[in-house]
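If you read the protein sequences in the order shown, they are chains Y and E. Heads up: the first sequence begins at 1 in our numbering, then just goes up one per residue. Heads up: the second sequence begins at 369 in our numbering, then just goes up one per residue. Here a beta-carbon is modelled for each residue, glycine too, at the ideal position from N, C-alpha and C. Presented below is the structure to which this report refers.
Number of protein chains: 2
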Amino acid sequence: MWEVTEDALEAIATGAAILGSGGGGNPYIGRLRVRELLRSGASIRAVKPSELADDALVVVCGAMGSPVVNFEKLPSGDEEVAALRAVEDLVGRPVDAVAPFEMGGGNSMAAMAVAGRIGVPVVDGDGMGRAFPELHMTSYAIYGGACFPAAIADERQNRVVFTSVDSPQWLERIARAATIAMGGHTGVASTPMSGAACKEVVLPDTLSLARRIGAAVEESVRSKSEPARAVLAVAGGVRYLRGKVVDVERRNTRGFARGTLTLEGIGDDRGRTIRIDFQNENLVLWEEGGARATVPDLITLISSDRGEPLTTEVVSYGCRADVLVLPCAPLMRTPRALAVVGPQAFGYDSPPVLIGSDQGVEVPQGDG
Amino acid sequence: MWEVTEDALEAIATGAAILGSGGGGNPYIGRLRVRELLRSGASIRAVKPSELADDALVVVCGAMGSPVVNFEKLPSGDEEVAALRAVEDLVGRPVDAVAPFEMGGGNSMAAMAVAGRIGVPVVDGDGMGRAFPELHMTSYAIYGGACFPAAIADERQNRVVFTSVDSPQWLERIARAATIAMGGHTGVASTPMSGAACKEVVLPDTLSLARRIGAAVEESVRSKSEPARAVLAVAGGVRYLRGKVVDVERRNTRGFARGTLTLEGIGDDRGRTIRIDFQNENLVLWEEGGARATVPDLITLISSDRGEPLTTEVVSYGCRADVLVLPCAPLMRTPRALAVVGPQAFGYDSPPVLIGSDQGVEVPQGDG
């Protein structure tokens, strides 16, 4: 158990947004919400999964919606609590801890905000170890029990509860459609589980990892060393390219921000051009016609000078960026997980291209 | 209280589809479902609103979705019961009677099917006295209390419950989006109310009216007299035109069947051309550039020879039809109701053009 101080919060916001792989919500808004909460006297404690009582009730919570919408429509912060209360009502007992869906600037903060507001710990872990665009792309759904009862809530009085769903994919599909109808942003709570179950399925220690990544970036800026090297020293992985964003094609369709980034290499990487397809999050990195890195590995951009996470909704023409590829969590590399979060699950023909895999995939050459 | 016999069922199916004003679901499929139920030994009793105990629990139920989808995707009949059970679970007691949302070939039958399957009476009344495309366009929503808890259910295991909504319009919007995501058809239950409340807000005796209209059409066919005259003798209103359908423009968008019918007059009406705009149901009847009849009055087509209801999903080029305009229920003509079900609520500039109104509207000349 550790206390989320204001310093820790700043580091987590940066680190989680880097883990967010282009998505996971806007880091600035989320951080401001939680900082307000801390300054108003709330305490937020992070609990290691191993510290959970086996009979504790853990509920997963966060926000749903396109990050572009969240950027324009500031969440009030009440939605996630309302969704959580709806799940508690159905389960018939109060929650003992909340767990983040994903690491990302928004959803790491959303879970911490709920924890601080209702006075329970936040689990130091999550279901993705990064961000993914869809609700069922979590270790909770891949390895866990029922994702319901689940609930979504908006800033009005609309409370939509899923007392049963055919599969986590159906929850994603229906909740996404409802979220769009509700204005593009909702708070979500789902997958009530025991502490014992949570230990089995959560990706552990990812809030701590985000905190260490964020702290390393801060230190690199203070010491005027390279932020990319600092991130890689903590998270592993490689710098695939240092470059400049020369094109951003982005459209908001069916509740997702979809598009493609194009970067041209600079310095040692001059003459190279890469494209990155995204659906809220970066999915596939292409160079010379081939996929060089794919989901579930993390493809993430930071500004070359200050290590700022460049999420898909803020990245723009002219940004100088280091493109990092970080290894995903081991639980997300199994055949069972790859069926849900591998490139084929997103409609690509390419098999997974993963760092350090022994499946014959290419390991990109980097300087990390 | 009266028993819905197989004969009564046939008459109600025809009459409700005529009251459905082009929508309200397919009369054939709905009737087959309920006939099966009766033949399997179920009993269906219709209860007058005045016969309801004041403390009875009444829940409104029916089907949601575009009639075109319902035509292609046969409902299993379990959806409405599942939705009703979800509402019962939230209210915490079993229902004493179910009430139809609307009169229409599908939704009159859906409520009777639920009544027969769970062994409670169906209320002889409904919330529209016709069919309307949206869930909030009912006297229940216009004059009643909360429309929630409400629930929708599909033929899979998906159960979506609305424990709170900001307004009936929000229920319509979110449930419609969820229904589309669930494949275009769901069973719906909403607006749990007391028997006392139901007496205040229901449009009474509309199942009986449907039955009398249907019986009159059957008798006219037997006696080789004009079905249109038989309908008008029971329901009031006028025959606006006898004609032939010369164009049907129809598209299925956002869960609705939208389009325009064009008819050319025949016989005494030769030389006249009318257009009818529909959104599931017929909304506005146009002739020579002006609106000659509008919602909430009923604009409904029957085949000239046999009095068969020509709903928007079955009407086609070449159909010979009598276009009838029937007066809506008095409760649907108040300013409060017209704000929800008048032509302006559907995006038209035209004020309501209603039969026999003293608001200066035109009363079409008919032969009824």
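Classify residue i as helix, strand or coil using the three-state DSSP reduction.
i	result
A424 of chain E	coil
V488 of chain E	coil
T300 of chain Y	strand
F439 of chain E	Note that F439 of chain E scores 49 on pLDDT, short of 50, meaning its location in the model is unreliable; the coordinates nonetheless yield the value given after this. Here F439 of chain E sits in helix by DSSP.
E540 of chain E	helix
G144 of chain Y	coil
G354 of chain Y	Correcting the residue identity first, residue 354 of chain Y is Leu in this sequence and not Gly. Correct three-state label for L354 of chain Y: coil.
M128 of chain Y	coil
V731 of chain E	Residue placement at V731 of chain E cannot be trusted, given a pLDDT of 47 that sits under 50; what the coordinates show is reported in the next sentence. Three-state result, V731 of chain E: coil.
K612 of chain E	strand
C61 of chain Y	strand
F101 of chain Y	coil
G149 of chain Y	Here residue 149 of chain Y is Pro; the residue named in the question, Gly, does not match the sequence. In this structure, P149 of chain Y counts as coil in the three-state DSSP scheme.
S476 of chain E	helix
P49 of chain Y	helix
V279 of chain Y	Position check: residue 279 of chain Y holds Gln in this sequence, whereas Val was assumed. Looking at Q279 of chain Y - three-state DSSP - the assignment turns out to be strand.
E249 of chain Y	strand
G259 of chain Y	strand
G368 of chain Y	The pLDDT assigned to G368 of chain Y is 38, lower than 50, so where the model puts this residue is not dependable; a value taken from the coordinates is nonetheless given after this. Coil.
Indicate whether residue i and residue j have their beta-carbon atoms separated by less than 8 Å.
i	j	result
A17 of chain Y	P27 of chain Y	yes
S108 of chain Y	L209 of chain Y	no
G106 of chain Y	A150 of chain Y	no
A521 of chain E	A478 of chain E	no
D492 of chain E	A376 of chain E	no
S558 of chain E	C515 of chain E	yes
G255 of chain Y	V248 of chain Y	no
V161 of chain Y	V459 of chain E	no
E447 of chain E	G555 of chain E	yes
D126 of chain Y	L203 of chain Y	yes
A424 of chain E	D464 of chain E	yes
Using the rule of at least 16 other Cβ atoms within 10 Å of the residue's Cβ for burial, across every protein chain shown, is residue i buried or exposed?
i	result
A339 of chain Y	exposed
N438 of chain E	Summary for N438 of chain E: the model assigns pLDDT 49, below 50, so the residue's position carries little reliability, and this model does not support an answer.
A601 of chain E	exposed
G144 of chain Y	buried
T253 of chain Y	exposed
P703 of chain E	exposed
R392 of chain E	Going by the sequence as given, residue 392 of chain E is Gly instead of Arg. By the neighbour-count rule (16 or more Cβ atoms within 10 Å), G392 of chain E is buried.
S40 of chain Y	exposed
P698 of chain E	exposed
Which value, in whole angstroms, describes the spacing of the CA atoms of residue i and residue j?
i	j	result
W370 of chain E	P417 of chain E	12 Å
R159 of chain Y	M182 of chain Y	10 Å
V81 of chain Y	V60 of chain Y	11 Å
V34 of chain Y	M112 of chain Y	7 Å
R590 of chain E	L678 of chain E	20 Å
L371 of chain Y	Q279 of chain Y	Given that chain Y is displayed from residue 1 to residue 368, the structure contains no residue 371 of chain Y and the question cannot be resolved.
E419 of chain E	V488 of chain E	14 Å
C687 of chain E	P695 of chain E	24 Å
P468 of chain E	R130 of chain Y	48 Å
M700 of chain E	S507 of chain E	7 Å
V217 of chain Y	V231 of chain Y	7 Å
P719 of chain E	G388 of chain E	22 Å
S744 of chain E	W170 of chain Y	No statement about residue 744 of chain E is possible, as the shown extent of chain E runs from 369 to 736 and does not include it.
P560 of chain E	R461 of chain E	11 Å
V683 of chain E	R607 of chain E	18 Å
E287 of chain Y	R212 of chain Y	31 Å
A257 of chain Y	G104 of chain Y	15 Å
V58 of chain Y	K199 of chain Y	10 Å
L405 of chain E	L452 of chain E	18 Å
L629 of chain E	L609 of chain E	13 Å
S225 of chain Y	V323 of chain Y	17 Å
Can you list, in chain order, the residues of its chain with a C-beta nearer than 6 Å to that of residue i? Leave out the 5 residues immediately preceding and following it.
i	result
E172 of chain Y	E134, L135, H136
A324 of chain E	Given that chain E is displayed from residue 369 to residue 736, the structure contains no residue 324 of chain E and the question cannot be resolved.
G65 of chain Y	T179, G184, H185
L283 of chain Y	D277, V295, F346
V533 of chain E	F516, L539
T273 of chain Y	E264
M128 of chain Y	E102, T138
Tell me which same chain residues have a C-beta within less than 8 Å of the C-beta of residue i, skipping the five on either side of it?
i	result
G582 of chain E	E378, A379, I380, A381, T382, G383, A384, I386
D305 of chain Y	P227, R320
Note down, in chain order, each residue of its chain lying with its Cβ closer than 7 Å to the Cβ of residue i, except the 5 sequence neighbours on either side.
i	result
F132 of chain Y	E102, E281, V341
Using a beta-carbon distance cut-off of less than 7 Å, what residues from the segment 496-529 of chain E approach chain C? No chain C is part of this structure, whose protein chains are labelled Y and E.
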